[in-house]
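**Q** Chains H and E, in that order, give the protein sequences.
To convert a position in the first sequence, counted from 1, into the numbering used here, add 656.
To convert a position in the second sequence, counted from 1, into the numbering used here, add 1.
Idealized CB from N, CA, C, for every residue including glycine.
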Amino acid sequence: MKKRAFDITPGSCLAGKWNGHTYTIIKKLGSGACGIVFLCRSSQGDTYALKVGEDSSRMMMEVNMLKKFSKVQGAKLGPSFVDVDDWVSPDRKTHPFYVMEYIDGVPLKHFLKGKSKEWVGIIAIQLLSDLENLHNEGYVFGDLKTDNLLIGNSRVRWIDVGGVTATGRAIKEYTEFYDRGYWGRGSRKAEPTYDLFAVTMILLEMSYPKRFEKGNHPEKTLEAKLSASPLLKPYRKIIQQCWMGKIQDAAEMKNKFSSILLKRSGKRSSSRMQKRLTTQESDNVELAALSLMAGVVFGVSIFSFWI
Amino acid sequence: MKPGRLKQILLLTDGCSNHGEDPVVVAALARNQGVTVNVIGVLDDRQNSKPQGLDEVESIAEAGGGVSQIVYQKSLSQTVQMVTRQAMTQTIQGVVNKELQEILGKDQTIEELPPEQRGEVVEVVDELGESCDLEVLVLVDTSASMHHKLPTVKEALFDLSLSLNARSGSNQFSVFAFPDPKKTITKMVNWTPELGELHGIFSKLNSGGYTPTGPALKEALYAFAEKPLSDRMKDGEDPYEETGF
Ligand SMILES: Nc1ncnc2c1ncn2[C@@H]1O[C@H](COP(=O)(O)OP(=O)(O)O)[C@@H](O)[C@H]1O
Numbered sequence: 657m658k659k660r661a662f663d664i665t666p667g668s669c670l671a672g673k674w675n676g677h678t679y680t681i682i683k684k685l686g687s688g689a690c691g692i693v694f695l696c697r698s699s700q701g702d703t704y705a706l707k708v709g710e711d712s713s714r715m716m717m718e719v720n721m722l723k724k725f726s727k728v729q730g731a732k733l734g735p736s737f738v739d740v741d742d743w744v745s746p747d748r749k750t751h752p753f754y755v756m757e758y759i760d761g762v763p764l765k766h767f768l769k770g771k772s773k774e775w776v777g778i779i780a781i782q783l784l785s786d787l788e789n790l791h792n793e794g795y796v797f798g799d800l801k802t803d804n805l806l807i808g809n810s811r812v813r814w815i816d817v818g819g820v821t822a823t824g825r826a827i828k829e830y831t832e833f834y835d836r837g838y839w840g841r842g843s844r845k846a847e848p849t850y851d852l853f854a855v856t857m858i859l860l861e862m863s864y865p866k867r868f869e870k871g872n873h874p875e876k877t878l879e880a881k882l883s884a885s886p887l888l889k890p891y892r893k894i895i896q897q898c899w900m901g902k903i904q905d906a907a908e909m910k911n912k913f914s915s916i917l918l919k920r921s922g923k924r925s926s927s928r929m930q931k932r933l934t935t936q937e938s939d940n941v942e943l944a945a946l947s948l949m950a951g952v953v954f955g956v957s958i959f960s961f962w963i
Numbered sequence: 002m003k004p005g006r007l008k009q010i011l012l013l014t015d016g017c018s019n020h021g022e023d024p025v026v027v028a029a030l031a032r033n034q035g036v037t038v039n040v041i042g043v044l045d046d047r048q049n050s051k052p053q054g055l056d057e058v059e060s061i062a063e064a065g066g067g068v069s070q071i072v073y074q075k076s077l078s079q080t081v082q083m084v085t086r087q088a089m090t091q092t093i094q095g096v097v098n099k100e101l102q103e104i105l106g107k108d109q110t111i112e113e114l115p116p117e118q119r120g121e122v123v124e125v126v127d128e129l130g131e132s133c134d135l136e137v138l139v140l141v142d143t144s145a146s147m148h149h150k151l152p153t154v155k156e157a158l159f160d161l162s163l164s165l166n167a168r169s170g171s172n173q174f175s176v177f178a179f180p181d182p183k184k185t186i187t188k189m190v191n192w193t194p195e196l197g198e199l200h201g202i203f204s205k206l207n208s209g210g211y212t213p214t215g216p217a218l219k220e221a222l223y224a225f226a227e228k229p230l231s232d233r234m235k236d237g238e239d240p241y242e243e244t245g246f
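If you want it as structure tokens, here you go:
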């Protein structure tokens with residue numbers, strides 16, 4: 657954002673010019689390329705996330721997407737939509753804002769610290785089943801990246817639906833590291849496989865939190881990084897298949913991950929259980945993580961019987 | 002609304018013009034002719050302060066109704082496609098605003114509509130951005146200080162074509178370099194729907210110690226007018242031509 661002439665502090669009240677709803681700001685949650693997101697409370701006392709921006713068109717695009725997916729039955733795709741309005745600041749400037757479900761979660765990066773390796777696969781499965789639903793609705797996420805993922809209740813949720821694009825159109829927004837075009841692995845057309853590629857890069861980033869550049873031979877760089885990652889060893893084949901365009905949709909990829917996880921869960925040795933992403937964990941946390949993980953793996957197996 | 006044809010000049014430079022007419026004036030002229038001027042200032046990855054004179058980048062784009070950005074080499078690809086996209090949206094919005102004013106009266110813009118209707122208009126703008134035809138003339142400053150940045154420029158242009166060709170609307174690209182001692186600008190790539198591997202371009206370069214940005218922009222504008230007749234015939238039916246896109 658270029659100019660931020662207004663000042664929104666905790667306790668201040670934003671009133672909508674059109675709908676008249678008011679929201680009390682609790683705190684700032686974060687800021688992005690096109691706005692600031694606050695935690696707020698409505699006059700009914702409900703807690704929401706509220707985004708104030710400058711670029712009214714872009715904000716409306718996001719709202720259009722949120723509205724669309726609030727209607728999708730069953731699975732929740734992105735935060736649900738609550739309200740959209742304009743706020744006139746004391747200096748009489750108009751700022752578009754919208755209100756959505758507050759997702760109480762931790763960023764994926766922090767969440768993975770100290771978790772067992774199996775979480776890599778579990779996150780992939782969760783992401784892929786959300787993508788499966790989104791793709792079935794005729795949309796592609798587009799700008800899928802680690803920064804757009806929060807984990808709440810051990811479930812991955814995506815925020816920032818600004819890049820969601822109707823299937824067959826051009827991807828409008830992307831981040832190079834996750835973009836298959838950047839890696840010379842395909843077009844920037846919104847196709848389900850575009851998102852699948854981004855999933856593999858989110859997995860690679862778990863191994864290489866600082867990411868890496870493509871260098872002179874993008875394809876070789878990717879292969880080398882994948883081969884050098886012990887964390888991704890179990891999924892290496894799936895990831896390679898995805899890169900070679902051999903996986904067509906999210907469901908297929910999800911099933912591949914499920915079968916790897918299930919195979920491992922059967923003959924897991926205690927030594928393997930001890931391998932943590934980081935080792936400074938108290939016994940208590942470890943125990944909790946183990947039981948949680950057992951539950952999730954179990955959940956996954958039930959899940960795969962369903963399909 | 003029928004998708005129209007957008008025309009843009011994309012100027013890539015790293016310095017201040019120091020020869021010939023004022024590029025800001027030429028950019029304003031281009032805008033009048035229905036050609037948007039976007040400018041990207043390319044910094045060295047090691048450069049840690051904004052060099053003097055690059056303010057010009059912003060003024061040229063402003064006068065040309067376009068978008069400007071100053072970036073490090075390594076973000077050039079992503080910036081080139083973003084700037085082009087933003088400028089497209091901006092132009093389409095300008096046209097839509099004009100139509101709104103005709104229907105709803107003076108001073109009515111997208112921003113002033115109630116959110117519900119604004120959402121619908123934004124959807125229309127998005128649709129037009131996907132389906133309109135686009136012509137981009139890339140004008141590259143190849144003066145001495147730009148030389149080592151040219152491989153990155155090539156890569157960025159390939160990437161631009163990758164982004165835009167994912168749209169359903171058609172694209173035409175051409176690439177010109179300046180300065181050229183005789184003709185001010187040199188044609189590097191003739192109008193083409195795809196900027197594939199740009200082998201050999203920028204290999205024979207003349208670099209004097211001067212940067213005639215203004216004259217180069219003017220020549221670029223002529224180059225637009227000299228597009229093959231078959232293209233221009235199609236333009237004749239284009240409603241946007243009359244509104245002075
Ligand atoms: N619905 C939400 N619930 C909780 N936190 C959110 C929500 N939406 C955004 N945030 C926080 O705000 C930050 C910026 O939001 P984002 O929508 O990504 O901005 P931008 O699209 O401008 O980059 C996010 O990184 C996240 O921390």
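Can you give the beta carbon distance from E:P216 to H:W674, rounded, assuming they're within the 8 Å contact cut?
**A** As a first step, residue 216 of chain E is located in the second sequence; it is residue number 215 there, counting from the start. As a first step, residue 674 of chain H is located in the first sequence; it is residue number 18 there, counting from the start. Between H:W674 and E:P216 the Cβ distance is about 50 Å, and since that is not below 8 Å, they are no contact.
**Q** So with Cβ pairs under 7 Å, would you call H:M721 a contact of chain E?
**A** Within the first sequence, the letter at position 65 stands for residue 721 of chain H. Chain E, which has no Cβ nearer than 7 Å to the Cβ of H:M721, makes this no.
**Q** Rounded to whole angstroms, what is the Cα-Cα separation between H:S927 and H:S772?
**A** Within the first sequence, residue 927 of chain H is the residue found at index 271, counting from 1. Within the first sequence, residue 772 of chain H is the residue found at index 116, counting from 1. With a pLDDT of only 46 at H:S927, under 50, the local geometry of the prediction cannot be trusted, and no value is derived from it.
**Q** Below 9 Å between beta carbons is the criterion; list the residues of the stretch 150 to 168 of chain E that meet it against any residue of chain H, in chain order.
**A** If the cut-off is 9 Å between Cβ atoms, the stretch 150 to 168 of chain E has D160, L163, S164, L165, N166, A167, R168 near chain H.
**Q** Go to H:N789, then tell me how far its alpha helix (DSSP H) extends in each direction, as first and last residue.
**A** In the first sequence, the residue the question calls residue 789 of chain H occupies position 133. First-last of the alpha helix (DSSP H) with H:N789: 774 to 792.
**Q** Can you tell me where the alpha helix (DSSP H) holding H:I974 begins and where it ends?
**A** Summary: the structure shown does not reach residue 974 of chain H, with chain H confined to residues 657 through 963, and so no result is reported for it.
**Q** Which same chain residues, not among the five before or five after E:K228, have their C-beta less than 6 Å away from its C-beta?
**A** Within the second sequence, numbered from 1, the residue matching residue 228 of chain E stands at position 227. Answer for E:K228: no residue qualifies.
**Q** Per the contact definition of three or more C-beta pairs closer than 8 Å, is the stretch 48 to 64 of chain E in contact with the stretch 11 to 27 of chain E?
**A** The stretch 11 to 27 of chain E, when compared against the stretch 48 to 64 of chain E, does touch it at the 8 Å Cβ threshold.
**Q** With a threshold of 7 Å between beta carbons, is H:W674 in contact with chain E?
**A** In the first sequence, counting from the first residue as 1, residue 674 of chain H sits at position 18. Judged by the 7 Å Cβ criterion, H:W674 is in contact with chain E.
**Q** Along the chain, where does the beta strand (DSSP E) containing E:P180 start, and where does it finish?
**A** Walking along the second sequence from the start, residue 180 of chain E turns up at place 179. E:P180 -> beta strand (DSSP E) spans 172 to 181.
**Q** Is H:V693 a contact residue of ligand 1, with contact defined as CB to any heavy atom under 6 Å?
**A** Against the first sequence, residue 693 of chain H aligns to sequence position 37. Yes.
**Q** For H:I909, collect the residues of the same chain with a Cβ closer than 7 Å to its Cβ; drop the 5 residues on either side in sequence, then sort them by chain order.
**A** Position 253 of the first sequence holds residue 909 of chain H. Here residue 909 of chain H is Met; the residue named in the question, Ile, does not match the sequence. If we look at H:M909 and ignore the five residues flanking it on each side, its Cβ neighbours are L784, L852, I894, C898, I903.
**Q** Leaving aside the five residues before and after E:A224 along the sequence, list all residues of the same chain whose C-beta is less than 8 Å from its C-beta, in chain order.
**A** As a first step, residue 224 of chain E must be located in the second sequence, where it is residue number 223. Counting only Cβ-Cβ distances below 8 Å, and skipping sequence neighbours, we find L138, S175, F177, I186, K188.
**Q** Going along chain H in order, which residues have a C-beta closer than 7 Å to the C-beta of E:V126?
**A** Taking the first residue of the second sequence as position 1, residue 126 of chain E is located at position 125. Ordered by position in chain H, the residues that pass the 7 Å Cβ test against E:V126 are S713.
**Q** Of the residues that make up the stretch 112 to 124 of chain E, which ones have a beta carbon closer than 7 Å to any beta carbon in chain H?
**A** Residues E112, P115, P116, R119, G120, V123, E124.
**Q** Under 6 Å: does the beta carbon of H:G688 sit that close to some heavy atom of ligand 1?
**A** Residue numbering aside, residue 688 of chain H sits at position 32 when the first sequence is read from its first letter. Yes, Cβ of H:G688 sits closer than 6 Å to a heavy atom of ligand 1.
**Q** When you compare the stretch 788 to 804 of chain H with the stretch 740 to 749 of chain H, are there three or more beta-carbon pairs, one atom per stretch, that lie closer than 8 Å?
**A** Cβ pair count under 8 Å is below three, so no.
**Q** Go through its chain and collect everything with a Cβ distance to H:L787's Cβ below 6 Å, but skip five positions before and after it.
**A** Taking the first sequence and counting its residues from 1, the one referred to as residue 787 of chain H is at position 131. Closer than 6 Å at Cβ, skipping near neighbours: D851, A906.
**Q** At a cut-off of 6 Å, would you count H:A826 as near ligand 1, judging by its Cβ distance to the nearest heavy atom?
**A** Against the first sequence, residue 826 of chain H aligns to sequence position 170. Outside the cutoff, so no.
**Q** Could you tell me which chain H residues have their CB closer than 7 Å to the CB of E:Q79, listed as they occur along the chain?
**A** Reading the second sequence from its first residue, position 78 is the one you call residue 79 of chain E. By Cβ distance, chain H contributes E832.
**Q** Hey, quick one: how far does the beta strand (DSSP E) through H:H766 stretch, first residue to last?
**A** Walking along the first sequence from the start, residue 766 of chain H turns up at place 110. Where H:H766 is concerned, there is no enclosing beta strand (DSSP E), although the alpha helix (DSSP H) it sits in stretches over 764 to 768.
**Q** Counting contacts by CB-CB distance shorter than 7 Å, is E:E57 in contact with chain H?
**A** Start at 1 with the first residue of the second sequence, and residue 57 of chain E comes out as number 56. Taking Cβ atoms only, chain H never reaches closer than 7 Å to E:E57, which makes this a no.
**Q** Going by C-alpha distance, which of H:E829, H:D816, H:K870 is nearest E:D127?
**A** As a first step, residue 127 of chain E must be located in the second sequence, where it is residue number 126. The candidate whose alpha carbon is nearest that of E:D127 is H:E829.
**Q** By alpha-carbon positions, which one of E:E136, E:E195, E:K150, E:P194 ends up nearest to E:R47?
**A** Sequence index remark: in the second sequence, residue 47 of chain E carries index 46 (1-based). Looking at the Cα atoms, E:K150 is the closest of the given residues.
**Q** Does DSSP put H:R928 in a helix, a strand or coil?
**A** Within the first sequence, residue 928 of chain H is the residue found at index 272, counting from 1. Since pLDDT at H:R928 reaches only 46, below the 50 mark, its modelled position is unreliable, and the value read off the structure follows with that caveat. Residue state, collapsed to three classes: helix.
**Q** Identify, in the order they occur along the chain, each residue of the same chain with its Cβ nearer than 8 Å to the Cβ of H:T934, setting aside the five sequence neighbours on each side.
**A** Counting from 1 along the first sequence, the entry for residue 934 of chain H is found at position 278. Its pLDDT being 45, under 50, H:T934 is placed unreliably in this model, and the value from its coordinates should be taken loosely. Cβ neighbours of H:T934 beyond the five flanking positions: K769, G770.
**Q** Using CA atoms only, rank isn't needed, just tell me which of E:S144, E:V190, E:E121 is closest to E:P182.
**A** Translated into positions along the second sequence, residue 182 of chain E becomes position 181. Minimum Cα distance to E:P182 is reached at E:S144.
**Q** Please say whether E:A88 and E:I61 have beta carbons closer to each other than 7 Å?
**A** Against the second sequence, residue 61 of chain E aligns to sequence position 60. Against the second sequence, residue 88 of chain E aligns to sequence position 87. No; because the gap between Cβ atoms is not below 7 Å, this pair is not in contact.
**Q** Would you check whether ligand 2 has a heavy atom nearer than 6 Å to the C-beta of H:P752?
**A** Ligands present in the displayed structure are limited to ligand 1, and ligand 2 is not among them.
**Q** Can the beta-carbon of E:V154 be found closer than 7 Å to that of E:L7?
**A** The residue you call residue 154 of chain E lines up with position 153 of the second sequence. The residue you call residue 7 of chain E lines up with position 6 of the second sequence. In this structure, E:L7 does not lie closer than 7 Å to E:V154 by Cβ.
**Q** Just checking H:I759 against ligand 1 - is the residue's beta carbon closer than 6 Å to any of the ligand's heavy atoms?
**A** Counting from 1 along the first sequence, the entry for residue 759 of chain H is found at position 103. Yes; taking the cut-off as 6 Å, the Cβ of H:I759 has a heavy atom of ligand 1 nearer than that.
**Q** When you compare only the Cα positions, how much space is there between H:N804 and E:E103?
**A** Translated into the one-based positions of the first sequence, residue 804 of chain H becomes position 148. Translated into the one-based positions of the second sequence, residue 103 of chain E becomes position 102. Taking the straight line from one Cα to the other gives about 41 Å.
**Q** Rounded C-beta distance between E:S164 and E:Q82? I'm assuming under 8 Å.
**A** As a position in the second sequence, residue 164 of chain E is number 163, starting the count at 1. As a position in the second sequence, residue 82 of chain E is number 81, starting the count at 1. Confirmed, Cβ separation roughly 4 Å.
**Q** Going by C-alpha distance, which of H:R892, H:M862, H:P886 is nearest H:H766?
**A** Reading the first sequence from its first residue, position 110 is the one you call residue 766 of chain H. Checked all of H:R892, H:M862, H:P886; the closest Cα to H:H766 is H:M862.
**Q** Is E:G215 near ligand 1, with its Cβ less than 6 Å from a heavy atom?
**A** Here residue 215 of chain E refers to the residue found at position 214 when the second sequence is read from its first residue. Checking every heavy atom of ligand 1 against the Cβ of E:G215, none is found closer than 6 Å.
**Q** Output, in chain order, the set of chain E residues within a Cβ distance shorter than 8 Å of H:M756.
**A** Along the first sequence, read from residue 1 onward, the residue named residue 756 of chain H stands at position 100. Under the 8 Å cutoff, chain E gives no residues; its nearest Cβ is about 14 Å from H:M756.
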